[in-house]
Amino acid sequence: MEKAGFAKRLTIYLAKGPANACGAGCDRWIAIEGEIDRNAAARIRSFLLAVKDPQLPIYVHSPGGNVEQSYAIARFLRARKAIVRVGRTSVGACSAGTEIDAACQKIKAAKGEVEAELTTRNAMCVSACAYLFLGATSREVAPDSVLAVHNSKLMFVVHGHPPPQVVADFRRREMVSADRDRNMFLEAMGISHELSDLIRTVKFESLHVLTRQELYRFGIDTRPLPQTLWAVEKETRPYVRKIAQQKKGDGSSFRMMEWRLFCENKDRGRLMFVREFDAGAAGKSTVVMMAGATRTVAFGRLPARFGKYEVWSDPVSSDIVKAMLAVPHLQIGESTPSSDGNADRKSDPKSDAKADVKSDIKPGFTTFDIDTTGLEQGWTQLLASCPATSAGPKPASPLPAAVSPSVNAVPAASPAP
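For reference, each letter of the sequence shown is one residue, going -9 to 407 in my numbering.
Now the structure itself:
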């Protein structure tokens, strides 16, 4: 498979970023990146044994490599009860686009912490990296990152000129042995045998990106609401974005959602909410967001439709933005349509908010929380380039930026290699 952009040797180093770079209260992490080479396990083990804090999160970004080495690393991570997430680390001292050159590798190899930035956007852990990832006791695949699998490729050297049937029999025995080893490994990691069944169907020359439903069903990432941190998207018109995937029912499906906060001027922002359309829902729903007990943003019942997505967009005052920045979580509520397809009047936030702004979201709304980690830093960056007064151009395309086949930002509902 294509491994351009990755170092030929698995690299591990300590990284330090801005406040909350790796989650609320977290600014230090361990980066593991590059191809899994034949000596990777010994280096990873030696490095981690020297790290005093065993609970520092580990972020991996790798195209895979040696399967046996990935098994060994995974078993060590399991013994360590490691926290592993898929994410890309960018070192500030390395020039843009030089993460794998000799000078940058030297910086990463130096002792101590390296100043860096972290993102899950377009990060990948594929092929043998997926086995390494499964060793963690806490595993997180963000909605904008990729975990992908395929069958292994058997490599062996034939001496002399044995009959073709002898070579074929040997190949078959080795593949049976490889399947048995994988099954035993996955069982030891507590992963469903269904994953092994799937891997056998994916040719080595291809890749299967695990869907959110598969991540949940196989027991890899069982969070009911996986979400990204808020992060600035440096588009023509920049904005702060958060993406989440909400489990529906037993986890057989997840609903993609995205929030975008734009700065229209120093006194006003615009909040956009995008989600996949629920074809099974009856009537029009009302969406409301609470920032603490006193600030409400009600999006109304008439979202715009863009293909399979529905989009709400409302201006928000600077006071509401400040309220959003002041709380650790935002509560999102959706009205439950009555039998006639309309939201219950008693649960209409546009009337309730005026009558009692200090109350929580009313009964009749299904609710969930999203965290605000990264929102304050992102909004501060937006304000630096936001005009003092402006009517503000219309926001950019509302379509969610899922991961595309080439692992970039082109919208795609179902990522595939």
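From the three backbone atoms N, C-alpha and C, an ideal C-beta is built for every residue, glycine too.
When secondary structure is reduced to three states using DSSP, M314 falls in the helix class. No Cβ-Cβ contact shorter than 8 Å links E223 with R265.
Between the region 31 to 38 and the region 58 to 72 there are three or more inter-stretch CB-CB distances shorter than 8 Å, so the stretches are counted as touching. Assignment of T218 by DSSP, reduced to helix, strand and coil, places it in the coil class. Judged by beta-carbon spacing, L219 lies beyond the 8 Å limit of K237, meaning their Cβ atoms are not closer than that value. Non-local C-beta neighbours of L315 in its own chain, meaning closer than 8 Å and more than five positions away in sequence, comprise T362, L365, E366, W369, ordered along the chain.
Distances from the alpha-carbon of G259 to those of A234, I48, S307 put S307 closest.
Taking G323 as reference, the option from F296, A281, I310, K298 with the minimal CA-CA separation is A281. Contact between the region -7 to 5 and the region 17 to 24 is established, with three or more Cβ pairs separated by less than 8 Å.
The three-state secondary structure of A234, taken from DSSP, is strand.
Considering only D304, V199, A126, S80, the residue with the shortest C-alpha distance to V104 is S80.
About 6 Å separates the CB atoms of K193 and N141; that is less than 8 Å, so the two are in contact.
Burial state of D309 is exposed, judged by a 10 Å Cβ sphere holding fewer than 16 other Cβ atoms. Excluding five sequence positions before and after V166, none of the CB atoms of its chain fall closer than 7 Å to its own CB. One alpha carbon belongs to A168, the other to V139, and they sit about 15 Å apart. With the rule of 3 Cβ pairs closer than 8 Å, the region 44 to 54 counts as touching the region 117 to 124. If you draw a straight line from the Cα of F244 to the Cα of Q155, it is about 48 Å long. For the pair M279 and L251, the CB atoms are not nearer than the 8 Å cut-off.
Here Q235 is buried, its C-beta having at least 16 other C-beta atoms within 10 Å.
C-alpha of V277 to C-alpha of A113: approximately 31 Å in a straight line. A126 and D134 have their C-alpha atoms spaced approximately 20 Å apart. L197 sits in coil when the DSSP states are folded into three classes, being neither helix nor strand. Distance from the CA of E130 to the CA of V74, rounded to the nearest whole angstrom, comes to 7 Å.
Counting along the chain, C376 sits inside no alpha helix (DSSP H), nor does DSSP assign it H or E at all. When DSSP states are grouped into helix, strand and coil, C94 belongs to the helix group. Taking every protein chain shown into account, the CB of K98 has 16 or more other CB atoms within 10 angstroms, so this residue is buried. When the beta-carbon positions are compared, S242 and Q203 come within less than 8 Å of each other. S186 and F296 have their alpha carbons spaced roughly 37 Å apart. Counting only runs of at least 3 residues, the region 15 to 103 fully encloses the following beta strand (DSSP E) elements, listed from N- to C-terminal order: 18 to 23, 48 to 51, 73 to 76, 78 to 81. If you compare the alpha carbons of T109, R111, L137 with that of L122, the shortest gap goes to L137. For T191, there is no enclosing beta strand (DSSP E); the enclosing alpha helix (DSSP H) covers residues 183 to 191.
Beta-carbon to beta-carbon, M179 and L124 are separated by about 5 Å, close enough to satisfy the 8 Å threshold. Boundaries of the beta strand (DSSP E) around A5: 1 to 6. In the three-state DSSP reduction, P153 falls in the coil class, being neither helix nor strand. Here G368 carries a helix assignment [DSSP, helix/strand/coil].
When DSSP states are grouped into helix, strand and coil, C253 belongs to the strand group.
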